[in-house]
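In what follows, a structure is listed as structure tokens, so that the remarks can point back to it.
Numbering (the numbering used here), first residue to last: 90 to 303.
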């Protein structure tokens, strides 16, 4: 049995807390260290009773988090084949960082969306109970499907051609109510690729006594 863990907008409060706890001058992995800290607290008592495998999905060994989200019934996965429009590979390469996308820099890629958070979330961790099996009396999760075919095309185009603008993140299951988004500070922080600028943003937040962190 395994539990897939995602983060929503409230994760940012924990990032700020981690920044206060660590030596910010020696780390460039504030987000990863936040995940590690929360995982340690979550399994501290469980590890005495169970054989656990605790995996930060942003560290090796890298697992395909979008597949995990699909089979767990947590997210809907929009396959690249849903977009029948041809996109120039040079356009894709121009909006992608090769260090992040690697050999996928010129391919149309699929994306996962959460019914309440849309794309305003991140896959963070997997906790595997190695000696516990899923109860046969409980049916396995059913993969989600809440987007129309038109929405799938729009999501894929936005995600592949303008990923950092983030409009693709706003697609969700409208029947569940308003989407739960990051605020403007969180949007800027999680889209910033420079670790130096990220640290500076956290520093400025802590220097402002009037800042409301959510």
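Cβ atoms here follow ideal geometry from the backbone N, Cα and C, with glycine treated the same way.
Under a Cβ-count criterion, where at least 16 other Cβ atoms within 10 Å of its own Cβ denotes burial, should residue i be classed as buried or exposed?
i: residue 257; result: buried
i: residue 163; result: buried
i: residue 142; result: exposed
i: residue 96; result: buried
i: residue 181; result: buried
i: residue 223; result: exposed
i: residue 158; result: buried
i: residue 154; result: buried
i: residue 241; result: buried
Pick from the options: whose alpha carbon is nearest that of residue i?
i: residue 160; options: 286, 137 and 234; result: 234
i: residue 267; options: 116, 130, 207 and 244; result: 207
i: residue 131; options: 240, 245, 230 and 217; result: 217
i: residue 255; options: 263, 244, 264 and 265; result: 244
Output yes or no for whether 8 Å exceeds the beta carbon distance between residue i and residue j.
i: residue 280; j: residue 202; result: no
i: residue 199; j: residue 238; result: no
i: residue 213; j: residue 146; result: yes
i: residue 275; j: residue 98; result: yes
Please look up how many angstroms separate the CB atoms of residue i and residue j, rounded, as I've assumed it's under 8 Å.
i: residue 126; j: residue 107; result: 6 Å
i: residue 269; j: residue 205; result: 6 Å
i: residue 119; j: residue 288; result: 7 Å
- Message: For a minimum of 4 consecutive residues, which ranges assigned as the alpha helix (DSSP H) are wholly contained in the stretch 212-250?
- Response: 238-250
- Task: Would you mind listing the alpha helix (DSSP H) stretches within the stretch 105-133 that are 4+ residues and don't spill past its ends, in chain order?
- Result: 119-132
- Residue ranges of each alpha helix (DSSP H) within the stretch 127-211, 4 or longer: 154-160, 178-183 and 187-190
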